[in-house]
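Undergrad: The structure is given below, and queries will be raised subsequently.
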Amino acid sequence: MTSKNLFLKLQREDMKRRVWSIALSMLGFFLLFTVVCAMEVSNYAYRIENVGKFDPNIKKWIYNQIINFIGPANELVLMITMVCAVICGLSGFFYLHSKKKVDLFHSIPVRREKLFAATFINGLLIYIVPYLINLLLCLLILAVNKYMTVEVFLAGLTAFGLNILYYTLIYTIAIIAVMLTGNIVVSFLGAGVFYLYGSFILGIKDLYFNQFFSTYFTINNTERLIVEMSPLGNYVSTASRIADGYDVDILTTIILVSVITIALIIFAVFLYKKRPSEAAGKAMAFEISRPIIKLALVIPLSLAGGILFMSISSSHDMAWLIFGLVFALLISYGIVEIIYNFDIRKAFNGIYYLIGSAVGVAIIVCIFQFDIFKYDEYIPKKNDVKSVSVSINGLDGHMRYFDLYYNSLRSVYNSNYEIDNMEITNFEPAYELAKIGIEQVKKMKSVTENDEAMYMTTNIASEANKNYIFNVKYTLDSGRKVYREYTLPVNETYDLVQTIYNDLDYKKVHYPIYQWDVNKVGEISCYNEFEDKTFSLSTPEKKQLIDIYIDELNNHSLDDNINLQPIATLGFEYNKLLFNYYVYPTFTNTIKFINDHGFDGTRVVGTKDIKEIYVENYKITLEDIEAEKYGHTYAVTREMAPKEVNGPPMDREGTKTYTDPALINEIYSALIRDDHYRNNSIFIDVENSIDVIVTIKTDDYGNFITRSYYFKTNEIPEFVKEDIGYK
Numbered sequence: 043m044t045s046k047n048l049f050l051k052l053q054r055e056d057m058k059r060r061v062w063s064i065a066l067s068m069l070g071f072f073l074l075f076t077v078v079c080a081m082e083v084s085n086y087a088y089r090i091e092n093v094g095k096f097d098p099n100i101k102k103w104i105y106n107q108i109i110n111f112i113g114p115a116n117e118l119v120l121m122i123t124m125v126c127a128v129i130c131g132l133s134g135f136f137y138l139h140s141k142k143k144v145d146l147f148h149s150i151p152v153r154r155e156k157l158f159a160a161t162f163i164n165g166l167l168i169y170i171v172p173y174l175i176n177l178l179l180c181l182l183i184l185a186v187n188k189y190m191t192v193e194v195f196l197a198g199l200t201a202f203g204l205n206i207l208y209y210t211l212i213y214t215i216a217i218i219a220v221m222l223t224g225n226i227v228v229s230f231l232g233a234g235v236f237y238l239y240g241s242f243i244l245g246i247k248d249l250y251f252n253q254f255f256s257t258y259f260t261i262n263n264t265e266r267l268i269v270e271m272s273p274l275g276n277y278v279s280t281a282s283r284i285a286d287g288y289d290v291d292i293l294t295t296i297i298l299v300s301v302i303t304i305a306l307i308i309f310a311v312f313l314y315k316k317r318p319s320e321a322a323g324k325a326m327a328f329e330i331s332r333p334i335i336k337l338a339l340v341i342p343l344s345l346a347g348g349i350l351f352m353s354i355s356s357s358h359d360m361a362w363l364i365f366g367l368v369f370a371l372l373i374s375y376g377i378v379e380i381i382y383n384f385d386i387r388k389a390f391n392g393i394y395y396l397i398g399s400a401v402g403v404a405i406i407v408c409i410f411q412f413d414i415f416k417y418d419e420y421i422p423k424k425n426d427v428k429s430v431s432v433s434i435n436g437l438d439g440h441m442r443y444f445d446l447y448y449n450s451l452r453s454v455y456n457s458n459y460e461i462d463n464m465e466i467t468n469f470e471p472a473y474e475l476a477k478i479g480i481e482q483v484k485k486m487k488s489v490t491e492n493d494e495a496m497y498m499t500t501n502i503a504s505e506a507n508k509n510y511i512f513n514v515k516y517t518l519d520s521g522r523k524v525y526r527e528y529t530l531p532v533n534e535t536y537d538l539v540q541t542i543y544n545d546l547d548y549k550k551v552h553y554p555i556y557q558w559d560v561n562k563v564g565e566i567s568c569y570n571e572f573e574d575k576t577f578s579l580s581t582p583e584k585k586q587l588i589d590i591y592i593d594e595l596n597n598h599s600l601d602d603n604i605n606l607q608p609i610a611t612l613g614f615e616y617n618k619l620l621f622n623y624y625v626y627p628t629f630t631n632t633i634k635f636i637n638d639h640g641f642d643g644t645r646v647v648g649t650k651d652i653k654e655i656y657v658e659n660y661k662i663t664l665e666d667i668e669a670e671k672y673g674h675t676y677a678v679t680r681e682m683a684p685k686e687v688n689g690p691p692m693d694r695e696g697t698k699t700y701t702d703p704a705l706i707n708e709i710y711s712a713l714i715r716d717d718h719y720r721n722n723s724i725f726i727d728v729e730n731s732i733d734v735i736v737t738i739k740t741d742d743y744g745n746f747i748t749r750s751y752y753f754k755t756n757e758i759p760e761f762v763k764e765d766i767g768y769k
């Protein structure tokens, strides 16, 4: 009983010293949580009264707003939690920085574990009690105004549990920073290092891999990991994922954070027990930690300085990398030593650690510069590969992808989506492409810098040597995943790409329509140059159309995708988002379906539909010719040149407008639509220096539209070349 009373007395005395923390916590929650909640509720009443008569969904919107406010997504509560955790963590054990106070506290006949527990628990209560009081007030406000539902209550309960968990984590880290240091300023700096160190290290690693390894490839997971390696970033990310309904791996995250938090609490108790009383006032409480922390800071900071200077220099010269490494090494080492010793004259104290840091930095840089572990040449053994995922950049650029795990359907890059969701078991073609990619890397590394620049220029300039980016993820039998990115030449790899494209394992992810739930499909429309129609379809009819389209997509080859121009576009509303899929001339059953439902899928642009064709050669401009008269030369950008012609054609040097049906027929057969080219630009060759604007008559009443086209490579009619001065 005496021990219990003493413990409670310790808590009371500690609370007296921390009244300001309690007041700050209560005030923060009251103003930013309860008061804001009351304001929002009054705003909701106003909206219902004034907007409700026009918008029947206003109440649903209001409930979503309430759940966002009371639930994990409330940024104000996240901010209060983080600030309160840092303040309570740093201030709770502030007496450890004073020799007199340390002697006083440690003279109390109580075990250090109980001293720690009294202060630690108080720090939790300073956050939890004000939060709970204000949460109950908010729920009461919502209940009085008849906004309380089970979903709202559960959202508040979920947020309460999550915020307490992460508060404890952030709070404990701040306490560990205090335990390891003997000065409040150093404690604050130490806490900042602990909060950001993981993200910083992962970011440096990502920068070096990107700079030195040609085949390095990551998806958004790396960016997410950089954020989540910080406890603060992990907190915000987890709260956001829960709010968005992204429940995959959430339980694992919560369990992992709980285990880490418990381990850190145990570590903090251990440090408190072992912390020498004479550490008060010193920079570091434990001598053994000085060199460890010094090296852990100096080496990454030196690497960061090197890559920073190298990135700033336009040439990415190694000399700037070396300069940055040396500069950052000396500065960071000096600052750490000054903090350790509180003496600027000891900036380079411990020369052997400085040399050790320099050697460590040099070894790491050499590993990257000379690819000692052959990262760029690595490819898993074929027998160890279970499946692969691939992404071919420059193919079907119009496709849209959304994260399947998010209820909010967040947009993602095509490469990320395909790499995450695809599993190709017949991986032989992808494996061969990877081997070609490795050979390309070896060729690039075998030339000098000047030769490399010439090589790159030649590749860019020559359509015959066009390259594309090929991303691949190997999933091994062991479960390990290996990511790589290769730059491949089109002419050497086209057949392998076509084999991959024809594989249903590829198409089922490349085209998300394969995975759709027909019950989530809304309106379906179809449009081309002449018509735009929204179909009135039942759910079985929608399923019929999708099944027909998928069946024809199964037989659609890469050759067809590139060489056949779409005759119409199907627009699908899925989960309230619009997705476009092309209808090709070979999709006979799809064309029949849309014909049967009132859309003329057989009508395509012909000579009789074209009013005129305007051609412009950007290598020759009227402005250039006029400028030369006055001794000046300058080039007009493509954006400055007209792309549409209204009224009578007015041709100038390098341009020509054609209205003769015979000439129009010959020109139009050599054209490819601008959007079709841009969506598949890697595999289609066009003459980029010539712009073509086709004016298409849409009806018999004089209405017309203009469309942008390009000439296919080597198919420009001779009379056009002569008319526009093309050479």
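Following the numbering used here, the residues of the sequence shown are numbered contiguously, the last one being 769.
Glycine included, C-beta positions come from ideal geometry on N, C-alpha and C.
Since the structure is predicted, the reported quantities are computational estimates derived from the model, not experimental observations.
Since D733 is in the beta strand (DSSP E), which residue starts that stretch and which ends it?
TA: Counting along the chain, the beta strand (DSSP E) containing D733 begins and ends at 732-739.
Undergrad: Is it true that the CB of A370 sits closer than 7 Å to the CB of I380?
TA: No; because the gap between Cβ atoms is not below 7 Å, this pair is not in contact.
Undergrad: Contact defined as beta carbons within less than 8 Å: I believe E573 pairs with F641. What is the distance between those atoms, to the nearest angstrom?
TA: Yes, E573 and F641 are in contact; Cβ-Cβ is about 6 Å, under 8 Å.
Undergrad: Beta-carbon within less than 7 Å of I386's beta-carbon, same chain only, minus the 5 sequence neighbours each way: which residues are those?
TA: Excluding positions up to five away in sequence, the list reads I380.
Undergrad: For V128 versus A216, is the C-beta distance shorter than 7 Å?
TA: Cβ atoms of V128 and A216: closer than 7 Å.
Undergrad: On a Cα-Cα basis, can you pick out the residue from E91, L157, M124, T467 that is closest to S272?
TA: Selected option, being the one with the closest Cα: M124.
Undergrad: May I have the straight-line CA-CA distance separating T611 from C126, to the nearest angstrom?
TA: Cα to Cα, T611 sits roughly 55 Å from C126.
Undergrad: Inspect the CB distances between the region 321-339 and the region 163-172 and report whether three or more fall short of 8 Å.
TA: At 8 Å Cβ cutoff, the stretches do not touch.
Undergrad: Which residues does DSSP pair with S433 in a beta bridge?
TA: DSSP lists N513 as partners of S433.
Undergrad: Mark L192 as exposed unless 16 or more other C-beta atoms lie within 10 angstroms of its C-beta, in which case mark it buried.
TA: It is Val, not Leu, that sits at residue 192 in the sequence shown. V192 is exposed by the Cβ-count criterion.
Undergrad: Which residue spans inside the region 289-322 form an unbroken alpha helix (DSSP H) run of at least 4?
TA: Qualifying alpha helix (DSSP H) stretches, in chain order: 292-316.
Undergrad: Going by C-alpha distance, which of D742, N721, D741, K763 is nearest V734?
TA: Comparing Cα positions, the closest option is K763.
Undergrad: Do A325 and Y239 come within 7 Å of each other at the CB atom, strictly closer than that value?
TA: Their beta carbons are not under 7 Å apart, which means Y239 does not touch A325 by this criterion.
Undergrad: In whole angstroms, what separates the C-alpha of L396 from that of A346?
TA: C-alpha separation (whole angstroms): 17 Å.
Undergrad: Identify whether A127 lies in helix, strand or coil by the three-state DSSP scheme.
TA: Helix, per DSSP.
Undergrad: Going by C-alpha to C-alpha distance, which of E265, T257, N596, V171 sits closest to F202?
TA: Considering only alpha carbons, the answer is V171.
Undergrad: Determine the closest residue to N106 out of S599, V194, T697, I373, with distance taken between C-alpha atoms.
TA: Ranking S599, V194, T697, I373 by Cα distance to N106 puts V194 first.
Undergrad: Please report the residue range of the beta strand (DSSP E) in which D574 lies.
TA: Segment 574-577, the beta strand (DSSP E) holding D574.
Undergrad: Quick check: the region 625-634 against the region 544-552, are there 3 or more CB pairs under 8 Å?
TA: The region 625-634 is not in contact with the region 544-552.
Undergrad: Excluding five sequence neighbours on each side, which residues of the same chain lie with their C-beta closer than 6 Å to the C-beta of L6?
TA: Because the chain here runs from 43 to 769, residue 6 falls outside it and cannot be looked at.
Undergrad: May I have the straight-line CA-CA distance separating V551 from L620, to the nearest angstrom?
TA: Their Cα atoms are separated by approximately 18 Å.
Undergrad: For H358, which residues in the same chain have their Cβ closer than 7 Å to its Cβ, ignoring the five residues on either side in sequence?
TA: Excluding sequence neighbours, H358 sits near M352.
Undergrad: Put V646 into one of helix, strand or coil per three-state DSSP.
TA: Looking at V646 - three-state DSSP - the assignment turns out to be coil, as it is neither helix nor strand.
Undergrad: According to the Cβ coordinates, are T535 and N509 closer than 7 Å?
TA: Their beta carbons are not under 7 Å apart, which means T535 does not touch N509 by this criterion.
Undergrad: Tell me the rounded alpha-carbon separation between Y213 and R54.
TA: Computed Cα separation, rounded: 20 Å.
Undergrad: Is the Cβ of N659 closer than 7 Å to any Cβ of chain C?
TA: Considering every chain present, this structure includes no chain C. It has just one protein chain.
Undergrad: Quick check on this structure: which residue in K101, I304, T200 has the alpha carbon closest to the alpha carbon of I90?
TA: Measuring from the Cα of I90, the nearest candidate turns out to be K101.
Undergrad: State buried or exposed for A65, treating a residue as buried only when at least 16 other CB atoms are found within 10 Å of its CB.
TA: By the neighbour-count rule (16 or more Cβ atoms within 10 Å), A65 is not buried but exposed.
Undergrad: Runs of 3 residues minimum, wholly inside the region 140-191: which ones carry the beta strand (DSSP E) assignment?
TA: Fully enclosed beta strand (DSSP E) runs of 3 or longer: not present.
Undergrad: Distance, Cα to Cα, F162 vs F135?
TA: Rounded to the nearest angstrom, the two C-alpha atoms are 9 Å apart.
Undergrad: Starting from the C-beta of F761, find all residues in its chain whose C-beta is less than 6 Å away, skip the five residues before and the five after it, and write them out in chain order.
TA: Same-chain partners within the cutoff: there are none.
Undergrad: Only counting the same chain, and skipping five residues up and downstream in sequence, which positions put a Cβ closer than 8 Å to that of I566?
TA: Once the five neighbours on either side are set aside, the close Cβ partners of I566 are T576, F577, L579, K584, L587, L612, G613, F614, E615.
Undergrad: To the nearest angstrom, how far is the alpha carbon of E419 from that of L475?
TA: Answer to the nearest angstrom: the Cα atoms are 13 Å apart.
Undergrad: Pull up the distance between the alpha-carbon of F753 and that of V657, whole angstroms please.
TA: Distance between the alpha carbons of F753 and V657: 10 Å.
Undergrad: Is DSSP giving G613 helix, strand or coil here?
TA: Three-state result, G613: strand.
Undergrad: As an exercise, report each continuous alpha helix (DSSP H) stretch of at least 4 residues that is fully enclosed by the region 351-422, in chain order.
TA: List check, alpha helix (DSSP H) in window: 360-383, 393-411.
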